[in-house]
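Enquirer: One structure, as structure tokens, below. Some questions next.
Numbering (my numbering), first residue to last: 21 to 265.
Take a look at the structure:
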């Protein structure tokens with residue numbers, strides 16, 4: 021597999037084609053691989069929603085699996101909605117774009133890699149600009165001059181959703197790659213076909229259930245799921261396909 025860019029350092033936005041595609045586990049995998057490569061890693065979750073259900077939040081999941089140097093959540097909202105409507109319903113202050121940008125840039129000054137995990141998909145409303153207009157993860161990527169890692173499903177429907185997300189990023193001048201968030205234990209024809217179609221942009225494949233691994237096993241395994249540009253060792257897709265088949 022040919023590298024599409026030098027190693028992804030600096031600020032990387034982790035977004036997805038939808039909610040529940042595996043962004044948090046993907047963020048943890050990249051944090052673990054980069055940490056194993058000797059990088060000082062920060063992980064930022066600008067807007068965490070759904071905190072009322074008592075489940076572990078995304079930041080605590082990343083901290084448990086990957087133990088990066090820094091983990092921060094900038095705002096939390098109880099309802100399982102996009103961050104901006106969640107803030108409105110809870111009558112809590114919405115995320116202000118440039119305050120988020122300043123926080124992330126400050127972290128970038130003291131870390132080799134800053135991973136910023138979005139909420140839902142690329143165009144979900146995250147908060148408000150000073151003008152009162154909503155902003156999205158795409159706007160954040162542009163403001164930070166960041167790359168984006170798009171986490172996608174492995175199965176049917178992913179090609180359209182992934183193409184739309186990549187097109188939106190390309191129109192904004194945001195370099196991007198793709199990672200499949202949950203590769204099934206028994207892949208079918210559609211899964212193999214999707215890998216073939218996404219191969220030019222594909223930078224990694226996470227096994228289904230990776231988030232349930234014991235943290236030490238997860239951290240040791242993560243580099244094998246990621247391409248070298250993401251500090252991994254997955255540089256021979258043919259061998260990977262044979263092992264996975």
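Where a beta carbon is used, it is the ideal one built from N, C-alpha and C, also for glycine.
Since this is a predicted model, take the numbers as computed values, not measurements.
1. What residue ranges within the segment 149-180 form continuous beta strand (DSSP E) runs of no fewer than 3 residues, ordered along the chain?
2. Identify the residues that DSSP records as bridge partners of residue 62: which are they?
3. Got a sec, what are the start and stop residues for the alpha helix (DSSP H) residue 117 sits in?
4. For residue 200, list the residues DSSP reports as bridge partners.
5. Specify, as a first and last residue, the run of the alpha helix (DSSP H) that residue 55 falls within.
6. From the DSSP output, in three-state form, read off residue 253 for me.
7. Under a three-way DSSP split, which group does residue 69 fall into?
8. Identify whether residue 209 lies in helix, strand or coil by the three-state DSSP scheme.
9. For residue 114, which three-state DSSP category applies?
10. First and last residue of the beta strand (DSSP E) that includes residue 30?
11. How big is the Cα-Cα spacing for residue 39 and residue 59?
12. Nearest to residue 254 by alpha carbon, out of 188, 233, 219, 41?
13. Can you find the residues in the same chain that come closer than 7 angstroms, C-beta to C-beta, to residue 174, ignoring five residues on each side of it along the sequence?
14. Shortest alpha-carbon distance to residue 154 belongs to which of 102, 251, 44?
15. Contact criterion: CB-CB distance below 7 angstroms. Does residue 202 meet it with respect to chain B?
16. Do you know offhand how far residue 71's Cα is from residue 96's?
17. Report the partner residues of residue 246 according to the DSSP bridge assignment.
18. Taking the alpha-carbon positions, what's the residue 170 to residue 74 distance?
Expert: For this structure:
1. 154-156, 167-172
2. Partner(s): 90, 134.
3. Here the alpha helix (DSSP H) through residue 117 covers 117-128.
4. Residue 200 is bridged to 172, 225.
5. Residues 43-56.
6. coil
7. strand
8. helix
9. coil
10. It spans 30-36 - the beta strand (DSSP E) in which residue 30 sits, taken as one unbroken run.
11. 28 angstroms
12. 219
13. Closer than 7 angstroms at the Cβ level, and outside the excluded window around residue 174, lie 200, 202, 203, 204, 211, 214.
14. 102
15. Looking at the structure shown, chain B is missing, and only one protein chain is on hand.
16. 7 angstroms
17. 224
18. 27 angstroms
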